[in-house]
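Scroll down for the structure; my scribbles are underneath it.
Protein chains: 2
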Amino acid sequence: MSTKESNKSPQPPIRFDVIARDGEARAGVLKTRRGEIETPVFMPVGTAGTVKGIRFEELETEELDPKIILGNTYHLWLRPGIETIRACGGLHKFIGWERALLTDSGGFQVWSLGALRKISEEGTHFRSHVDGSPQFLSPEISMEVQAALGSEIVMAFDECAPGNATRDETIKSMSLTTRWAQRSRSRFDQLQEEGTDSGRTAATDQVSGAQAIFGIVQGARHLNVRRDSLAQTVEIGFDGYALGGLSVGEEKSAMFEVVNEITPEMPDAYPRYLMGVGTPEDLIEAVAAGIDMFDCVLPTRNGRTGQAFTSTGKLNIKNAQWATAVRPIDDRCNCSVCRRHSRAYLRHLYLSGEMLASILLTHHNLAFFLDTMRAVRQSIRSGVFPKFRREFTERLNANGE
Amino acid sequence: MSTKESNKSPQPPIRFDVIARDGEARAGVLKTRRGEIETPVFMPVGTAGTVKGIRFEELETEELDPKIILGNTYHLWLRPGIETIRACGGLHKFIGWERALLTDSGGFQVWSLGALRKISEEGTHFRSHVDGSPQFLSPEISMEVQAALGSEIVMAFDECAPGNATRDETIKSMSLTTRWAQRSRSRFDQLQEEGTDSGRTAATDQVSGAQAIFGIVQGARHLNVRRDSLAQTVEIGFDGYALGGLSVGEEKSAMFEVVNEITPEMPDAYPRYLMGVGTPEDLIEAVAAGIDMFDCVLPTRNGRTGQAFTSTGKLNIKNAQWATAVRPIDDRCNCSVCRRHSRAYLRHLYLSGEMLASILLTHHNLAFFLDTMRAVRQSIRSGVFPKFRREFTERLNANGE
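Line by line, the protein sequences give chains A and B.
Each residue of the first sequence is one higher than the last, beginning at 1 in this note's numbering.
Each residue of the second sequence is one higher than the last, beginning at 1001 in this note's numbering.
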């Protein structure tokens, strides 16, 4: 784009409308330049430009049909690298996915490197997991990478306190996240102005504008630190707000104390995103607290290690008891895997080290998570979410297998 | 089945009709109890009950659409074991594949174990690759396993001479194969009479009869030994005839001397199957000699190691020159992978160790092999096979990438 005028978004980056409420739970529609997303929504994780073990054609079938998936700044920046992705026209074109993308900022990934990284005011020095080379990631670099990726939703670059961090440590970490949020916002705005967003096309401009950016609320388990973080993040101003730094080693009760207390205090008019969470029951509990968006590696990662999520609880496909079981993974599931294949066959594939075990379990698990969220949305719209929540949880804990 | 009468096949096990000829090349139809198979045909290999890296739903799409796949006696007998497969209703039901299956006898697999096996008149003693346990496979056991699997086409249990075997060694090995072929035929006939064929149902009986059995011609590179083997195998009498013991380390010229000399001498009215061969150019050369059926692991195995088969030759997806190549694997290919994904993306997936690299390359390679065979059949029916063969080979060797 050559003139400053042409870089102006003709529309707001995203629009969010709550269309039904049931207690704190809400059903809404998030309008992005690459399609509308009904919330509450589960976003499959596509770390390195692929939702592991599943083709996009499969994702696009009615059976799965996620309207948005994740990509990861840290992984894609290190490999294949931003120059490659830019040369291929941005992340959508590079991977062949036309629907919406949310990109994580890389903050959590470099934090997860533990001893391999060193955090300073400026950013984070670390060694690449690909080749051990020294690397440096900062709020500005993360924004530049996410502009090159061209995702619909960019995440601010944040710092995460450990689940067991003291109050003082947490305040220090949270303050850094606030300063990084401010720097993320500033650099993001410059980049939008400069037109470096690879995902923006004439076609997307017809629908809505440039990239959106979400801020991240930190503060570990300390509610008042969380409240300060929320206030400071809202003060900067974002298109949506996320709860970060949860499901990082703290007890589940501590996580839900934060989710239950903080979510209802998050701005009502903006989407609320609980990062990296969780099991199907976690999702439903968080929806009850007012969360709209989720991502989690559980359906894909656990699929690759032989664990299936079912309406009656988790199933370990390796168990000897399934050796000749002609039943599907889940009698209540209508996915293509459950329609066709038995537990006995899946167990055989897993024990034989066949790739198809991962492919089929991943497919079923994604179907279960995405179906569950469809049912959640429907129940909120119909005003029967509490009943749905009770019945779903009871069935899950019956563990009938 | 309770009475002897009910075990009688109401129809012959298979029917084979040649419907067009072009030189030695022939196009035909092989009618099995689970569908008609147009020949020349390439059969994807499903060793352990899965064509590695691809779902049956994908195989069944028009884009691939193989009418028959392979299963393997050796692998399935060791894991999950015949009792499991029988308990699940035979191999078709166990894996969820309703189309035709051909099962290899296990003879080649135990022979491939080399130092781990000991061959006697009675059969082959070896150690399981799964758990190291001592095992024994014989013509009789192979027939029992293949009856339990319930495949449409059973292979006789054979012994393979090394590619560089002397004439005396080869005669000794081939004579054993003949005696094993006789024992295979006898035990197979008993089992059919006893009704132990798991793949036979009331529905399949409406179409054609019990299992078919193919004999295997051995004799390494020694043409007169091959001729004796062929005569002895035909003397026993089978529903089809295979050339075995090729592509096992001999030079390609030696393989084609056997294929070109022996194939036209194989019974004209029966299907001719070249086992374990080969590249796309090998397939076309063998079709020119009169071969009707092929199986080979190349499209699937090479897909998993980053090699794509294209209309202009082999492509190594790892090469740095594809780092930002937005072109598909093969410009002339209309498969779903080539329609959607670039070489750059596939390279990234492969270098990142992503399962999707194997999934997509396997899909493309199978599409290329199956498309090629469709084109071969069409060209024979249209009487233009020599022209097709010349143009295909020229393009392949142009190596334009």
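Note that CB positions come from ideal geometry on N, CA and C, so glycine has one too.
Quick caveat, the model's predicted, so the values are computed rather than measured.
Report the neighbours of residue i on chain B: residues whose CB is nearer than 7 Å to its CB, in chain order.
i: residue 326 of chain A; result: 1088
i: residue 95 of chain A; result: 1345
i: residue 342 of chain A; result: 1088
i: residue 48 of chain A; result: 1352 and 1354
Which term fits residue i, buried or exposed, when burial requires 16 or more other beta carbons within 10 angstroms of its beta carbon?
i: residue 264 of chain A; result: exposed
i: residue 383 of chain A; result: exposed
i: residue 360 of chain A; result: buried
i: residue 305 of chain A; result: exposed
i: residue 1133 of chain B; result: exposed
i: residue 1249 of chain B; result: exposed
i: residue 120 of chain A; result: exposed
i: residue 1231 of chain B; result: exposed
i: residue 22 of chain A; result: buried
i: residue 130 of chain A; result: exposed
i: residue 1291 of chain B; result: buried
i: residue 107 of chain A; result: buried
i: residue 1302 of chain B; result: buried
i: residue 171 of chain A; result: buried
Using a Cβ-Cβ distance cut-off of 7 Å, determine whether residue i contacts chain B.
i: residue 92 of chain A; result: no
i: residue 129 of chain A; result: no
i: residue 301 of chain A; result: no
i: residue 402 of chain A; result: Residue 402 of chain A lies beyond the stretch modelled for chain A, which goes from 1 to 401, so this question has no answer here.
i: residue 403 of chain A; result: This structure gives no information on residue 403 of chain A, because the portion of chain A shown stretches from 1 to 401.
Could you work out which residues of chain B lie near residue i, taking near to mean beta carbons separated by less than 9 Å?
i: residue 52 of chain A; result: 1354, 1355 and 1356
i: residue 359 of chain A; result: 1053, 1054, 1055, 1355 and 1359
Could you name the residues of the same chain whose beta carbon sits closer than 7 Å to that of residue i, not counting the 5 residues immediately before and after it, in chain order?
i: residue 1031 of chain B; result: 1014, 1015 and 1208
i: residue 414 of chain A; result: The requested residue 414 of chain A does not occur in the structure, where chain A is confined to residues 1 to 401.
i: residue 1210 of chain B; result: 1009, 1013, 1192, 1197 and 1200
i: residue 1367 of chain B; result: 1063, 1064, 1333 and 1335
i: residue 204 of chain A; result: 33 and 34
What whole-angstrom Cβ distance do residue i and residue j have, given they're in contact under 8 Å?
i: residue 1273 of chain B; j: residue 1293 of chain B; result: 4 Å
i: residue 44 of chain A; j: residue 66 of chain A; result: 5 Å
i: residue 27 of chain A; j: residue 381 of chain A; result: 5 Å
i: residue 1181 of chain B; j: residue 1236 of chain B; result: 5 Å
i: residue 1295 of chain B; j: residue 1070 of chain B; result: 5 Å
i: residue 85 of chain A; j: residue 76 of chain A; result: 6 Å
i: residue 128 of chain A; j: residue 135 of chain A; result: 5 Å
i: residue 1105 of chain B; j: residue 1073 of chain B; result: 6 Å
i: residue 1200 of chain B; j: residue 1156 of chain B; result: Not confirmed; about 20 Å, so no contact.
Quick one: does residue i have its CB under 7 Å from some CB of chain A?
i: residue 1040 of chain B; result: no
i: residue 1005 of chain B; result: Because the pLDDT at residue 1005 of chain B is just 45, under 50, the model does not fix this residue reliably, and the point stays unresolved.
i: residue 1027 of chain B; result: no
With a threshold of 7 Å between beta carbons, is residue i in contact with chain D?
i: residue 1279 of chain B; result: Annotation note: the requested chain D is absent from the structure, which comprises protein chains A and B.
Strictly below 7 Å CB to CB, what residues from chain A border residue i?
i: residue 1057 of chain B; result: 336
Run through chain A and tell me which residues come within less than 8 Å of residue i, C-beta to C-beta.
i: residue 1431 of chain B; result: Not covered by the structure: residue 1431 of chain B. The range shown for chain B is 1001 to 1401.
i: residue 1351 of chain B; result: 79 and 80
Excluding the five sequence neighbours on either side, which residues of its own chain have a C-beta within less than 6 Å of the C-beta of residue i, listed in chain order?
i: residue 174 of chain A; result: 218, 219, 225 and 229
i: residue 1311 of chain B; result: 1330, 1332 and 1395
i: residue 372 of chain A; result: 280
i: residue 275 of chain A; result: 242 and 244
i: residue 117 of chain A; result: 110, 124 and 126
i: residue 338 of chain A; result: 328, 329 and 330
i: residue 48 of chain A; result: 75
Kindly list the residues whose CB is nearer than 8 Å to the CB of residue i, restricted to its own chain and excluding five residues on each side of it in sequence; keep chain order.
i: residue 344 of chain A; result: 322, 323, 324, 325 and 326
i: residue 1351 of chain B; result: 1318
i: residue 36 of chain A; result: 29, 30 and 67
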